[in-house]
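Chemist: For what it's worth, this note's numbering labels the leading residue of the sequence shown as -5, then goes sequentially.
Ideal placement from N, C-alpha and C gives every residue a C-beta, glycine not left out.
Got a structure here, written out as structure tokens. Questions coming.
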Amino acid sequence: MRAVFLSFLLCCCATAFASPTDKELAAQPRWQALLHINPGATLRDRQRSYVDDEQFFLSEQGKDDALEELTASREALVAPGAEARCRFPARYRFLSEQLGWQDAAPFSHCAEYQEWRQAVTAKRAVLVFPAAYLNSPSSMFGHTLLRLDQGDDSAVWLSWAVNFGAVAMADDNSFFYIYRGLAGGYPGRFALVPYVQKIQEYSHMENRDMWEYTLDLDQQEMDWLIDHLWELKDINFDYYFFDENCSFRLLELMEVARPGSHLLDELRFAEVPVNTVRALDEGGFISERHYRPSKAVELDNLRSQLSGRQQTLARRLANDPALLDSEEFLASSEQDQALMVTVAYRFLRLKYRKEDRTDKVAADSFALLSAINRMPPVTVPETRDAQPPEGGHGTQMLAASGGQRDGNLDFGELSYRLTYHDLLDNPYGFLRGAQIEGIDLTLRSTESGDPKLEELGVVSIRSMAPRNRFIKPLSWYVEGGLERAWAERRRLVRYVQGGAGASWHWGNWQPYVLSSFRLENNSAFDRFVTAGAGLDAGMLYRRGDWQWQLGSVGHYFTNDVYRHTSTFAVQWAMTRQHGLRASVEREGWRGDGENEFKLQWRWYYD
């Protein structure tokens, strides 16, 4: 009887400690993450691998079948000295741990991998978020990359940068880049390079605020991530500007490091970089955050300590350091002199950061730097109330509106915006004076008819960067889609519109004046496309939770049609995710016009 009991017990133990089946292994979160299987995060490639490269798979069915790829991987990796181990160290590590493979030196024959692994050592991962940069199509929503530090206090120039980006052609212009990026016309690849090299490639980062988020990854999780990066070397993915982009792929890496984090469980139509930060924060990955102001912000913080006359003199010093000996300069206190020279020197460095410096610029820089060394030290003031981007409102928006047109026509509206922010939305965490809207849909219903399309904005981008004595950026805008406009009657027209000009910043006020050009496809016009030109001018005002805008835009068309629209709008940021907006609009044309009032509740979400 005792022998029977012992046999039964041994059978139970053997069953309990038996190796998992291939089917069980293929369903494990880490294996799914190692193959980049889409759990339902996007509509494309659901339950298939995002990788679009035959070199990544050991089975012909590997992209579509995680079980087939696991079976092929087990067969290729089990033998000591197998070449596949050199190509897939993370896969080997997964299978060896799960199946109990014993090998004291599984990669002893992999000289190239071992050399790379010794060079790429890291103890800390930091998510780097450079803020939005509207003059670069690939960075207008911001950007994210991963920095791998060799130690908790290691110098940044010794770190590695992990970046995912589109492999674009050098001669592609901005509009072609956007088109192909939206359509998936570029392959995307991970790149692991020295962080200093990445900073040099993104030279415009010097003019962008940067947020750094230390990730709470232990050394084992770091090792998983690094080993998998070797597996992704020169491997192609599809690249889509809105969803399968730089930020989305970093979430996939986090799932490899910490499987089961559920970062990609929800379906998303757009992966804006700030949403990646929010996802990691909500998932418990972020332990610290650090703000690094741009060189332009540091210059502005220094400039604000000077009077208007002193700022003018500092600007002249940058062009002519000989003014250091002028009576006007020497009449100031020693501390003010030091501040003016520091502002002049920093402005000169910022202005020529991307250009080859001439002999004159080099001589002027040296003269100003020499003067700085003879003067009292100047401390750059800290940026007050720096606003982390993840603290802003959600990047999608639903709105319900009610209003009246022309004094007697009541209407109701429903609106949806895929992304991202306009000039009157709560500005917390967003680039001031910047508007980026994509897929902005409005349906209007009146008492006399069924709901009709009122507007479909495909894209609307505005950059209202204010000018000052030192930095004089160009303000510009471009937008296009479908909207209701007057031509014999209100009808749906197709249009593209844009322009350029300038804006300024005086306290809470920001006036702007822009040229405006419009191409319109209107069934009431004789030509298929009719061109118009005019002016877009107005004023923005910000105070606390209130945002105001008064503006007017008008166009004179080549067929002698004139049309203008004047708007006064105000929004109250009720909470981070809710806003109440009221607007009064006058749409006018030669000899007549109509007025419209609208009250709108806006809900922001991710």
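1) Could you tell me which residues DSSP puts in a beta bridge with Lys446?
2) Looking at the unbroken beta strand (DSSP E) that takes in Arg183, where does it start and where does it end?
3) Rounded to whole angstroms, what is the Cα-Cα separation between Arg575 and Lys227?
4) Could you give the DSSP three-state label for Trp95: helix, strand or coil?
5) Between the beta-carbon of Arg570 and the beta-carbon of His387, is there less than 8 Å?
6) For a quick check, are the C-beta atoms of Glu507 and Gly492 less than 8 Å apart?
7) Measuring only the C-alpha atoms, how far is Ser90 from Phe231?
8) Tell me which same chain residues have a C-beta within less than 6 Å of the C-beta of Gly582, skipping the five on either side of it?
9) I'd like the span of the alpha helix (DSSP H) that includes Gln214, first residue to last.
10) Provide the residue span of the alpha helix (DSSP H) that contains Asp400, from first to last.
11) My output table needs one value for Cys5: the three-state DSSP class, helix, strand or coil.
12) Mark Val(-2) as exposed unless 16 or more other C-beta atoms lie within 10 angstroms of its C-beta, in which case mark it buried.
13) What does a CB cutoff of less than 8 Å around Asp210 pick up in its chain, not counting 5 residues either side in sequence?
14) Secondary structure at Tyr127, three-state DSSP: helix, strand or coil?
15) Cα separation between Ser67 and Ala21?
16) Taking the alpha-carbon of Glu579 as reference, which of Val564, Gly254, Leu311 and Pro267 has the nearest alpha-carbon?
17) Based on Cα-Cα distance, which residue from Met334, Ala338 and Leu28 lies nearest to Pro83?
18) Considering only residues of the same chain and omitting the five flanking positions on each side of Ala10, which have a CB-CB separation below 6 Å?
19) Terminal residues of the continuous beta strand (DSSP E) containing Arg368?
20) Taking the continuous beta strand (DSSP E) assigned at Pro375, which residues delimit it?
21) I'd like the list of long-range same chain contacts for Leu3, defined as Cβ closer than 7 Å, with 5 residues on each side in sequence excluded.
22) Measuring straight from C-alpha to C-alpha, what distance separates Gln92 and Ser13?
23) If you measure between the beta carbons of Leu447 and Leu408, is that distance less than 8 Å?
24) Extract the residue ranges of the beta strand (DSSP E) inside the stretch 489 to 558, only unbroken runs of 3 or more that lie entirely within it.
25) Just checking my contact of Arg463 with Arg309 at CB under 8 Å: how many whole Å lie between their CB atoms?
26) Rounded to the nearest angstrom, what separates Lys57 and His415 at their Cα positions?
27) For Gln594, is the classification buried or exposed, using 16 other Cβ atoms within 10 angstroms of its Cβ as the cut-off for buried?
28) Counting only runs that start and end within the stretch 316 to 357, where is the alpha helix (DSSP H) found for 4 or more residues in a row?
29) Give the DSSP-derived three-state secondary structure of Met248 in the structure shown.
30) Quick check: the Cα distance between Leu425 and Arg283, rounded to an integer number of angstroms?
31) Please report the Cβ distance between Leu311 and Ala338, rounded to the nearest whole angstrom; I am assuming they are in contact, meaning their Cβ atoms lie under 8 Å.
32) Determine contact between the stretch 385 to 399 and the stretch 419 to 435, defined as no fewer than three beta-carbon pairs at a distance below 8 Å.
33) Closest by CA to Gln381, which one among Glu206, Met134 and Arg87?
34) In this structure, does DSSP put Asn201 in helix, strand or coil?
35) For Val190, which residues from the same chain have a beta carbon less than 6 Å from its beta carbon, with the 5 sequence-adjacent residues on both sides left out?
36) Okay, do the stretch 249 to 269 and the stretch 330 to 347 touch, 3+ Cβ pairs below 8 Å being the bar?
Modeler: So, to answer that:
1) Arg438
2) Tyr180 to Pro188
3) 49 Å
4) coil
5) yes
6) Residue identity differs from the one stated: residue 507 is Val in this sequence, not Glu. No, the Cβ-Cβ distance between Val507 and Gly492 is not below 8 Å.
7) 27 Å
8) His558
9) Gln213 to Glu225
10) First-last for Asp400: undefined, no H or E at that position.
11) Low confidence applies here, because Cys5 scores a pLDDT of 43, under 50, leaving its location unreliable and the question unanswered by this model.
12) With a pLDDT of 46 at Val(-2), under the threshold of 50, the modelled position of this residue cannot be trusted; read the value that follows with caution. It is exposed - the Cβ of Val(-2) has fewer than 16 other Cβ atoms within 10 Å.
13) Gly278, Phe279, Ile280 and Ser281
14) coil
15) 15 Å
16) Val564
17) Leu28
18) In this predicted model, Ala10 has a pLDDT of only 42, less than 50, meaning its place in the structure is not dependable enough to derive any value.
19) Arg368 -> not in any beta strand (DSSP E); alpha helix (DSSP H) instead, spanning Asp353 to Arg368.
20) Counting along the chain, Pro375 falls outside any beta strand (DSSP E), and DSSP gives it neither H nor E.
21) Confidence at Leu3 is low in this model, with a pLDDT of 43, below 50, so its placement is unreliable and the value that follows should be read with caution. Closer than 7 Å at the Cβ level, and outside the excluded window around Leu3, lies no residue.
22) 7 Å
23) no
24) 503 to 515, 524 to 537 and 540 to 551
25) 5 Å
26) 37 Å
27) buried
28) 321 to 324 and 328 to 345
29) helix
30) 18 Å
31) 4 Å
32) yes
33) Glu206
34) helix
35) Trp151
36) no
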